[in-house]
Amino acid sequence: MDVTAIIESLNAAQREAVCADEHDQLVLAGAGSGKTRVLVHRIAWLLATAGHSPHDLLAVTFTNKAAREMRLRLEALLGLNLRSMWVGTFHSLSHRLLRTHWKDAQLPQHFQILDSDDQLRVIKRLMKDLGVDDDRFPPKQAQWFINGQKDEGRRAAHVLARGEFERGMAEIYAAYEERCQQQGLVDFAELLLRALELLRDTPLLLQHYQNRFKHILVDEFQDTNTLQYAWLRLLRGPNSCLMAVGDDDQSIYGWRGAKIENIQRFTEDFSGAKTVRLEQNYRSTGTILDAANALISHNTGRLGKELWTDGASGEPISVYAAFNEQDEARFIVDLIQQHVQDGGLRRECAILYRSNAQSRTLEETLLRQQVPYRIYGGQRFYERLEIKNALAYLRLMVNRDDAPAFERVINTPTRGIGTTTLEKLRARARDEGQSLWQAAIEMISGGLLKGRAATSVQAFIQLIERLDEQSLPLPLHEQVELVLNDTQLMDFHAQEKGEKGQARVENLKELITAVRQYDPALPVTMSDDGEINLEGRAALEHFLAEATLDAGDTQAEEDQDAVQMMTLHTAKGLEFPLVFIAGVEEGLFPHQMSIEEGADRLEEERRLCYVGITRAMKKLYLTHAESRRIYGRDNLCRPSRFISELPENLLQEVRLRASISRPVSARPQVRHQGMAQSQAEEVGLRVGQQVSHPKFGAGIILHAEGDGPKTRLLINFDEVGEKWLVLGFAPLTPL
Ligand code: ATP
Ligand code: MG
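Following our numbering, the numbering of the sequence shown begins with 1170 at its first residue and continues without gaps.
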């Protein structure tokens, strides 16, 4: 086998790690210094020169996608088929162990994996069966508690419960353990814990695997939690080697139990381990790298390292202050279009953001301009569970016979309507050829539902009727707000502990924003002032139709050239020539919660920003908005402290107000009240221009769509906020 191919593209420090003798190694190095490359080449080296077979190796990656890519790269490098090699995430590898040794793990052969939603459902049902008060012990907190304990490697019997609350939680945990065992269910944290116990308690098996895996290699080591670290320590046998590669500055999962300390522990626990440091960065321009170094130097307690590059210093980092999030999205999408026009590929562009909810405006702008995009590690906005729940209520208000909507929300949030009742409704609907709604009404009035079921179904029906009636006169966004509050959907998701619940609430609030900014392309009523009227059911119907179509649009095909969108967390380990980080504002990034929670969390946010910046190879844009309507509220925003922590000489402010200011595409063909035709021609309304309106006062044109007098303008008025106006009818005077 050709060994030169494996080592020729490495620098001296990388080569040292790749060609090292068989001992433990810690590769501690900054972003883009080739850690992942070293890991891959080390495997190739072991296979090509040290006489190892793929069977001897175990590689742990951070995502399944990274595992697939690693295998492909190795196959290309070595010209071998490596299907038999164990490469995967902690979860997928644990699953593999449990599947193979289900009996020893005391599992049924066809045990099922519980995802997070299923897990919650199991916990709820269990609590109901036990008669636990879910106000005192919210199911979502119980879920958080159970997973947290498992991540620390603690079974229910070992929980050290302090106080009544924790004792209650520990009891739920114990009951949950029992039920999962009875039903052959395994949640995510359980996969790891069970695999660990399997090895620990079955000496022969442990010996077998310790002997088998001569080399264990782990990427993104800084984000391993207690349980994962214990798993690695157990599996590494007396005659095997562990190679961990990581970067303390990129530890971003502390909130989920990851322990940076594992890096320090490594050299203590594996006393013969050698530490290799890589300092040359091959990914980014000098400018990007200097910015990243400067930013991260604001953190304390770092293990300390600097990165350098001998590449070009490249272009400055562009910072764009947008008027608002729409303007921000347009700025980004315009630049991507420009990049493509100049012969670039869409997939070279990545848009990164702190919170999932931010994707909505970006998605809409991409859709409108017909730019294919793909969201990594997440769903499109209108496909998210909480959004589908909300839309189902709205759909039911518009059409009571909508069966999928009915089924989706009749017991969400939980109102004690079980599957038996639902089955009865379904049977009746089927037999009588009715809708579920109709069946429900008739079964109640006919006394065919009894007791609690009857009361609950009745209450549900009344809820929908009342919402329909009360919301009708309201503007669309208030209709949605009413529904989210009165159905308790918002509270329901808010109870979900941790990032997930928070993200769901953020998304629901974002739905209110979406509706507020909704701009129906179909004819709608218009007031004398030229303002588009969004009241009534018609607007809601249009909105729902578009949201459904939006969700129905499939993600760009795997091989289609598409813009890449993802949260900063998901971007870890990846690289793109052109990177946009959107929403670099105080309260959004750093996230409000981390500001409130103190220095450690704030440092974790800074590391996340470091991760974001170091994804960029050639050009980096940071954008922030002066005002942002997010989570349903308008906020005046200040640029993030992270921007001010970057050296000024590396930054370039983009003054787009002047440069994107393009004429509104066509002049009005009709005379309109405020401005004579000739005047309009003379002055020419432009995006970015100040205007005044007799009713709404002064404002600025943010966006224009369409042609001629029907051109629709999005104007941000100082007093009343954003409004869509129709050019031909709106009495606008340029200022
Ligand atoms: P991260 O911390 O973001 O995970 P990393 O340290 O794992 O980064 P890699 O992704 O392995 O870095 O490498 C970054 C980029 O630099 C890749 O495009 C890689 O191919 C390239 N690279 C790494 N080492 C070299 C080298 N010696 N010569 C040329 N290119 C290199
Ligand atoms: Mg990497």
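Beta carbons are placed, not taken as given, at the ideal position from N, Cα and C, and that holds for glycine.
Please state whether DSSP places Phe-1869 in a helix, a strand or coil. The count along the sequence shown starts at 1 and reaches residue 1869 at position 700. The question names Phe, but residue 1869 is Ile in the sequence shown. Ile-1869 falls in the strand class under three-state DSSP.
What residues match up with Leu-1197 in a beta bridge as DSSP calls it? As a first step, residue 1197 is located in the sequence shown; it is residue number 28 there, counting from the start. Bridge partners of Leu-1197: Gly-1415, Arg-1446.
Take the Cβ of Val-1478 as the centre, count every other Cβ of all protein chains shown within 10 Å, and call the residue buried at 16 or more, exposed below. The residue labelled residue 1478 in the question sits at position 309 within the sequence shown. As written in the sequence, residue 1478 is Thr, which differs from the Val given in the question. Thr-1478 comes out buried.
Is it a yes or a no for the stretch 1799-1817 touching the stretch 1743-1762, going by three-plus beta-carbon pairs under 8 Å? yes
Whose CA, out of Asp-1171, Glu-1891, Val-1889, lies closest to the CA of Thr-1218? Stepping through the sequence shown from its first residue, residue 1218 is reached at position 49. Ranking Asp-1171, Glu-1891, Val-1889 by Cα distance to Thr-1218 puts Asp-1171 first.
To the nearest angstrom, how far is it from the Cα of Leu-1703 to the Cα of Ala-1899? By one-based count along the sequence shown, residue 1703 stands at place 534. By one-based count along the sequence shown, residue 1899 stands at place 730. Confidence at Leu-1703 is low in this model, with a pLDDT of 45, below 50, so the placement of that residue should be treated as unreliable; the coordinate-derived value is given next. Looking at the two C-alpha atoms, the distance is approximately 17 Å.
If we count the other Cβ atoms within 10 Å of its Cβ and call it buried at 16 or more, is Asn-1462 buried or exposed? Working through the sequence shown from its first residue, we reach residue 1462 at position 293. Counting Cβ neighbours within 10 Å, Asn-1462 comes out buried, since at least 16 surround it.
Would the stretch 1450-1462 count as touching the stretch 1490-1509 if we require 3 or more Cβ pairs under 8 Å? no
Can you look up Lys-1934 in the DSSP assignment and give me helix, strand or coil? One cannot answer for residue 1934 here, as it falls past the ends of the chain, which runs 1170 to 1904.
Residues around ligand 2, please: the ones whose beta-carbon is closer than 7 Å to some heavy atom of it, in chain order. Lys-1204, Thr-1205, Asp-1388, Glu-1389, Gly-1742
Just to check, is the beta-carbon of Gln-1183 closer than 8 Å to a non-hydrogen atom of ligand 1? Position 14 of the sequence shown, counted from the first residue, corresponds to residue 1183. The answer is yes for Gln-1183.
For the alpha helix (DSSP H) holding Cys-1778, just list the boundary residues, first then last. The residue you call residue 1778 lines up with position 609 of the sequence shown. 1768-1782 is the span of the alpha helix (DSSP H), which, as asked, contains Cys-1778.
Alpha-carbon spacing of Asn-1316 relative to Gln-1352, whole angstroms: Residue mapping note: residue 1316 aligns to position 147 of the sequence shown, counting from 1. Residue mapping note: residue 1352 aligns to position 183 of the sequence shown, counting from 1. Looking at the two C-alpha atoms, the distance is approximately 18 Å.
In terms of residues, what are the limits of the alpha helix (DSSP H) holding His-1662? Against the sequence shown, residue 1662 aligns to sequence position 493. First-last of the alpha helix (DSSP H) with His-1662: 1658-1663.
With burial defined as no fewer than 16 other Cβ atoms inside 10 Å of the residue's Cβ, what is the status of Met-1239: buried or exposed? Working through the sequence shown from its first residue, we reach residue 1239 at position 70. Looking at its Cβ environment, which holds 16 or more other Cβ atoms inside 10 Å, Met-1239 is buried.
Taking all protein chains shown into account, decide if Asp-1416 is buried (16 or more other Cβ within 10 angstroms of its Cβ) or exposed. On the sequence shown, residue 1416 is found 247 positions in, with the first residue counted as 1. With 16 or more Cβ atoms within 10 Å of its Cβ, Asp-1416 is classed as buried.
Check whether the Cβ atoms of Gln-1648 and Leu-1641 lie closer than 9 Å to each other. Numbered from 1 along the sequence shown, position 479 holds the residue referred to as residue 1648. Numbered from 1 along the sequence shown, position 472 holds the residue referred to as residue 1641. Yes. Within cutoff.
Give the range of the beta strand (DSSP E) segment to which Met-1254 is assigned. The count along the sequence shown starts at 1 and reaches residue 1254 at position 85. Per DSSP, Met-1254 belongs to no beta strand (DSSP E) and is neither H nor E.
Cutoff 6 Å; reference Ser-1861; Cβ partners in own chain excluding five residues on either side: By one-based count along the sequence shown, residue 1861 stands at place 692. Only Ala-1867, Thr-1902, Leu-1904 meet the Cβ criterion.
Tell me the rounded alpha-carbon separation between Leu-1447 and Asp-1356. Within the sequence shown, the letter at position 278 stands for residue 1447. Within the sequence shown, the letter at position 187 stands for residue 1356. The alpha-carbon atoms of Leu-1447 and Asp-1356 are separated by roughly 38 Å.
Can you tell me which of Phe-1661, Gln-1821, Val-1328, Glu-1891 puts its alpha carbon nearest to the alpha carbon of Pro-1582? Translated into the one-based positions of the sequence shown, residue 1582 becomes position 413. Out of Phe-1661, Gln-1821, Val-1328, Glu-1891, Phe-1661 has the C-alpha closest to the C-alpha of Pro-1582.
Between the alpha carbons of Pro-1277 and Tyr-1790, how many angstroms are there, rounded? Here residue 1277 corresponds to residue number 108 of the sequence shown, with the count starting at 1. Here residue 1790 corresponds to residue number 621 of the sequence shown, with the count starting at 1. Their Cα atoms are separated by approximately 52 Å.
From this set, Ala-1519, His-1793, Leu-1536, Thr-1530, which residue's C-alpha is nearest Leu-1744's C-alpha? Mapped onto the sequence shown, residue 1744 falls at position 575. Note that residue 1744 corresponds to Glu in the displayed sequence, not to Leu. That would be Ala-1519, whose Cα lies nearest to the Cα of Glu-1744.
Taking only runs that begin and end inside the stretch 1507-1577, name each unbroken beta strand (DSSP E) of 3 or more residues, in chain order. 1518-1522, 1542-1544
Using the C-alpha atoms, what's the distance from Arg-1529 back to Gln-1495? For the purposes of this step, residue 1495 is taken as residue 326 along the sequence shown, with counting starting at 1. For the purposes of this step, residue 1529 is taken as residue 360 along the sequence shown, with counting starting at 1. Taking the straight line from one Cα to the other gives about 10 Å.
Would a C-beta distance cut-off of 9 Å place His-1467 and His-1221 closer than the cut-off? Within the sequence shown, numbered from 1, the residue matching residue 1467 stands at position 298. Within the sequence shown, numbered from 1, the residue matching residue 1221 stands at position 52. Cβ distance not < 9 Å, so His-1467 and His-1221 don't count as in contact.
Complete beta strand (DSSP E) runs within the stretch 1328-1393 (minimum length 3 residues, chain order): 1354-1356, 1384-1387
Run the proximity test for Asn-1468: is its beta-carbon closer than 8 Å to any non-hydrogen atom belonging to ligand 1? Start at 1 with the first residue of the sequence shown, and residue 1468 comes out as number 299. Incorrect: Asn-1468 has no Cβ contact closer than 8 Å to ligand 1.
Helix, strand or coil for Ser-1809, going by three-state DSSP, please let me know. The residue labelled residue 1809 in the question sits at position 640 within the sequence shown. Looking at Ser-1809 - three-state DSSP - the assignment turns out to be coil, as it is neither helix nor strand.
Which of helix, strand or coil DSSP assigns to Glu-1814: If you number the sequence shown from 1, residue 1814 lands on position 645. Glu-1814 falls in the coil class under three-state DSSP.
6 Å CB neighbourhood of Gln-1275 in its chain, flanking five on each side removed: Within the sequence shown, residue 1275 is the residue found at index 106, counting from 1. Correct list: empty, nothing qualifies.
Compute the minimum distance between the beta carbon of Val-1207 and the heavy atoms of ligand 1, and state whether it is under 8 Å. If you number the sequence shown from 1, residue 1207 lands on position 38. Yes, ligand 1 has a heavy atom inside 8 Å of this Cβ.
Could you give the residue range of the beta strand (DSSP E) that holds Leu-1226? As a working note, residue 1226 is residue 57 in the sequence shown. First-last of the beta strand (DSSP E) with Leu-1226: 1226-1229.
For Arg-1348 and Leu-1267, which I take to be in contact (beta-carbon distance under 8 Å), what is that distance rounded to the nearest angstrom? Here residue 1348 is taken as the residue at index 179 of the sequence shown, counted from 1. Here residue 1267 is taken as the residue at index 98 of the sequence shown, counted from 1. Between Leu-1267 and Arg-1348 the Cβ distance is about 18 Å, and since that is not below 8 Å, they are no contact.
Beta-ladder partner(s) of Ile-1884, from DSSP: Position 715 of the sequence shown holds residue 1884. Paired residues: Ile-1870, Lys-1892.
8 Å CB neighbourhood of Pro-1816 in its chain, flanking five on each side removed: Counting from one through the sequence shown, the residue named residue 1816 turns up at place 647. So the list reads Asp-1459, Ala-1460, Ala-1463, once near-sequence residues are dropped.
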